[in-house]
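Notes to accompany the following structure.
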Amino acid sequence: GLLHNMSGAPQAQIQHKSPHRRVCGPGTIFALPENIGAGPETLLRNIERQASTILTDGKLSRLLRHVAGQAALTGAESDRDLREHINAHALTLPFPPAALVTDRAENGDERCTDLLTIITVLAKSSGHVYLRDKEPNLAQIRPGRRVILLFPRGRTAH
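Mapped onto the numbering used here, the consecutive letters of the sequence shown carry residue numbers 574 to 731.
The structure is reproduced here in structure tokens:
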């Protein structure tokens, strides 16, 4: 039983609600859809299917040539292609070069639905910061991981 020095059992209940609210406003949530695998080849296939993407140099990616039966795609080529897509896309995003990251969503946060943007943010984010110019970490692109980017007021992410 519970030890106490009074004849009756304790009746008090203590509750605390944190008044914490972000000062920077709503964030944007980036997470892989549940039905998508996280391997580089699978991600490339989904990205290119979603956007019919052509690399910035105008050449069809090795993956598209592979789908057309022209060449086999190795694991190293898949990794390289995915990194190229991520680095090129990061430069087109309307985000600052660095942004704070949290895993704590709040009411009002928007969810990003563009697969290439989701992959880019996951690969270029640590537990605390998104860095546009960092080398993509493909191991960070995994189901169940979510990143919420926080932007200064007045800057939006779409």
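Backbone N, C-alpha and C fix where the C-beta goes; we use that ideal spot for every residue, glycine too.
Scanning 599, 700, 651, 620 for the CA closest to the CA of residue 606 turns up 620. Scanning 614, 708, 677, 670 for the CA closest to the CA of residue 603 turns up 677. In the three-state reduction of the DSSP assignment, residue 699 falls in the coil class. It is roughly 39 Å from the alpha-carbon of residue 587 to the alpha-carbon of residue 695. Counting only residues of its own chain and dropping the five nearest sequence neighbours on each side, residue 609 has a CB closer than 8 Å to the CB of 615, 616, 619, 688, 716.
In the three-state DSSP reduction, residue 684 falls in the strand class (E or B). Excluding five sequence positions before and after residue 672, the CB atoms of its chain that fall closer than 8 Å to its own CB belong to 702, 703, 722, 723, 724, given in chain order. Just so you know, the alpha carbons of residue 663 and residue 682 end up roughly 21 Å apart. For the pair residue 707 and residue 700, the Cα-to-Cα distance works out to about 14 Å. The beta carbon of residue 656 is closer than 6 Å to those of 709 in its chain, skipping five residues each way along the sequence.
Collapsing the DSSP output to three states places residue 620 in a helix. Scanning 585, 613, 718, 612 for the CA closest to the CA of residue 675 turns up 718. In the three-state reduction of the DSSP assignment, residue 653 falls in the helix class, which pools H, G and I. Between residue 659 and residue 691, the beta carbon gap of about 11 Å keeps them out of contact (Cβ cut-off 8 Å). Beta bridge pairing from DSSP links residue 705 with no other residue.
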